[in-house]
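Asker: In order, the protein sequences belong to chains A and B.
For the first sequence, the residue numbers in the working numbering are 233 to 335.
For the second sequence, the residue numbers in the working numbering are 1110 to 1376.
Yeah, the Cβ is synthetic: ideal placement off N, Cα and C, and Gly gets one too.
So that we are looking at the same thing, I have put the structure below in structure tokens.
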Amino acid sequence: MNDPYRPLTAPQVLDLYFIENRSRVLDIASFLDRIDRYAGADEARAEYRYQALMRTLRLLVESPGDRTREIQLSLSDPTSEPLDSAVGLKAWGAWEGVPHEGN
Amino acid sequence: MKAIDPHIHMVSRTTDDYLKMAISGIHTVAEPAFWAGFDRSSADSFRDYFHQLTVTEPARAARFGVRHYCWIGLNSKESENLKLAEDVLAIMPEFIDRPTALGIGEVGLNKNSRNEIAVLEKQLALAAERNELILIHTPHLEDKLKGTRIIMDIIRADARIDPARVLIDHAEEHTIGEIKDRGFWFGLTLYPNSKGSPERAIDAVEIYGTDRICINSSADWSVSDPLSVLKCANEMRRRGHPEPAVNQVFYENPKSFLGQCPKFQAD
Ligand SMILES: [Zn+2]
């Protein structure tokens, strides 16, 4: 008890978490390959959630230091007006855009 | 170590889970009223549920030496039905008065609709009138940011409610800063696959500090883990954080927030 705080160094963090994050990258790669391999790949790739995921992958590389928050924001509804009704609606994980007629 | 799980749905867990939690060091839990996985047909269903939360569950917990507290409220997923909401609101005070009920929760928003907001406002008004602690449920996924902002604006507009007596739960990286800046407590939820991981929760502790943060499992009938707060405490420990800081986040903080209700005592 009451040990002095000995924070890890960045190389120690790299060592501690490398293998599990290597595995996560491979999971994402094989998920995208799976979509490519299955029937209807063009339709899936055009879908807003696929597009949103692609934007997050770019943010992973482009926003050092604040990636997590940037990715969360990129997946969020940025509007402030309440919905008229929530009946039959659920969350899908990415924001489809402002609802318009026929949507 | 000893830990408090400030948000766990024990009505959905087995008795084995109480044993596992008790022998692992979780001796105090708080259970918010929530959505049962289906929409209930009348306020009578809520009467039975509130009875379960205030009578049945504390007795089941006590057999394992676990102190069980609860929150009373109408969740946002069942708030589209305004007649049901009115009926449930009418029976809530009777249950909030019970000896293990800590306040009003979890109440909040789900899809950020007008009816959800109307029902939330009524429950916040009840809390303000009675000076009750408040536990806020924020929406999931893409709806969280917008819903968190709407909720905070509503609460801050009511001068009777002290933000230090409100915990905004299910916060994530894009909402923590705004919640903390406005003086509220915030909760992080550890939910396998869909919400936060222990690693991300401890990242938030490192970035935002150990003040006004509570970490919970929200374990319920879905994929979840009633020991996740202890696994998260271990993540903090293995990064070299000192034991008093771990104790603050996983024991002292929930004790401080919940202890603002005089009915609460931690084991
Ligand atoms: Zn909950």
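For a test of the three-state rule: what should DSSP assign to B:A1266, helix, strand or coil?
Answerer: Taking the second sequence and counting its residues from 1, the one referred to as residue 1266 of chain B is at position 157. Here B:A1266 sits in coil by DSSP.
Asker: Whole angstroms are fine: how far does the CA of A:P310 sit from the CA of B:A1170?
Answerer: Taking the second sequence and counting its residues from 1, the one referred to as residue 1170 of chain B is at position 61. Taking the first sequence and counting its residues from 1, the one referred to as residue 310 of chain A is at position 78. If I take the Cα positions, the gap works out to 42 Å.
Asker: Return the residues of the segment 1269-1296 of chain B that lie within a Cβ-Cβ distance of less than 7 Å from chain A, sorted by chain order.
Answerer: Here the close residues are E1281, E1282 and H1283.
Asker: Find the residues of chain A that neighbour B:G1413, judging by a C-beta separation of less than 8 Å, and give them in chain order.
Answerer: Look at the range of chain B in this structure, 1110 to 1376, and you will see that residue 1413 of chain B is not part of it.
Asker: Report yes if the C-beta distance between B:R1156 and B:P1167 is below 9 Å; otherwise report no.
Answerer: As a position in the second sequence, residue 1156 of chain B is number 47, starting the count at 1. As a position in the second sequence, residue 1167 of chain B is number 58, starting the count at 1. In this structure, the beta-carbon distance from B:R1156 to B:P1167 does not fall below 9 Å.
Asker: What is the rounded straight-line gap between the Cα of B:R1269 and the Cα of B:T1257?
Answerer: Position 160 of the second sequence, counted from the start, is the residue given in the question as residue 1269 of chain B. Position 148 of the second sequence, counted from the start, is the residue given in the question as residue 1257 of chain B. Spanning the two alpha carbons is a distance of roughly 19 Å.
Asker: Can you give me the Cβ contacts of A:A276 inside the same chain, cut-off strictly under 7 Å, excluding the 5 residues immediately before and after it?
Answerer: Along the first sequence, read from residue 1 onward, the residue named residue 276 of chain A stands at position 44. For A:A276, where only same-chain residues beyond five positions count, the Cβ hits under 7 Å are I267 and Y282.
Asker: Whose C-alpha, out of A:L321, A:D316 and A:S312, is nearest the C-alpha of B:K1186?
Answerer: Residue 1186 of chain B sits at position 77 when you count from the first residue of the second sequence. With distances taken between Cα atoms, B:K1186 lies closest to A:L321.
Asker: Is the CB of B:D1252 under 9 Å away from at least one CB in chain A?
Answerer: Indexing the second sequence from 1 puts residue 1252 of chain B at position 143. Answer yes: the Cβ-Cβ gap between B:D1252 and chain A drops below 9 Å somewhere.
Asker: Are any of the Cβ atoms in chain B nearer than 9 Å to that of A:S317?
Answerer: Stepping through the first sequence from its first residue, residue 317 of chain A is reached at position 85. Yes, A:S317 lies at the interface with chain B (some Cβ there is under 9 Å from its Cβ).
Asker: When every heavy atom of ligand 1 is checked, does at least one fall within less than 8 Å of the C-beta of B:S1188?
Answerer: For the purposes of this step, residue 1188 of chain B is taken as the residue at position 79 of the second sequence. Not under cutoff, so the answer is no.
Asker: Give the residues of chain B in contact with A:L291, contact being defined as C-beta atoms less than 9 Å apart.
Answerer: Numbered from its first residue, the first sequence carries residue 291 of chain A at position 59. Near A:L291 there are no residues of chain B at all, since even the closest Cβ is about 12 Å away, more than 9 Å.
Asker: Along chain B, which residues have their Cβ under 7 Å away from the Cβ of A:G325?
Answerer: Against the first sequence, residue 325 of chain A aligns to sequence position 93. Those are L1250 and E1251, listed as they occur along chain B.
Asker: Can the beta-carbon of A:S317 be found closer than 9 Å to that of B:E1189?
Answerer: As a position in the first sequence, residue 317 of chain A is number 85, starting the count at 1. As a position in the second sequence, residue 1189 of chain B is number 80, starting the count at 1. Result yes, Cβ atoms of A:S317 and B:E1189 sit closer than 9 Å.
Asker: Is B:D1126 a contact residue of ligand 1, with contact defined as CB to any heavy atom under 8 Å?
Answerer: Walking along the second sequence from the start, residue 1126 of chain B turns up at place 17. Every heavy atom of ligand 1 is 8 Å or more from the Cβ of B:D1126, so no.
Asker: Using a cut-off of 8 Å between C-beta atoms, extract the partners of A:T311 located in chain B.
Answerer: Indexing the first sequence from 1 puts residue 311 of chain A at position 79. Near A:T311 (Cβ distances below 8 Å), the residues of chain B are K1255.
Asker: Buried or exposed: where does B:I1316 fall if 16 or more other Cβ atoms within 10 Å of its Cβ makes it buried?
Answerer: Taking the second sequence and counting its residues from 1, the one referred to as residue 1316 of chain B is at position 207. Classification for B:I1316: exposed.
Asker: Going by DSSP, what residue range makes up the beta strand (DSSP E) through A:V257?
Answerer: By 1-based counting over the first sequence, the position of residue 257 of chain A is 25. Premise fails: A:V257 lies in the alpha helix (DSSP H), A242 to R269, not in any beta strand (DSSP E).
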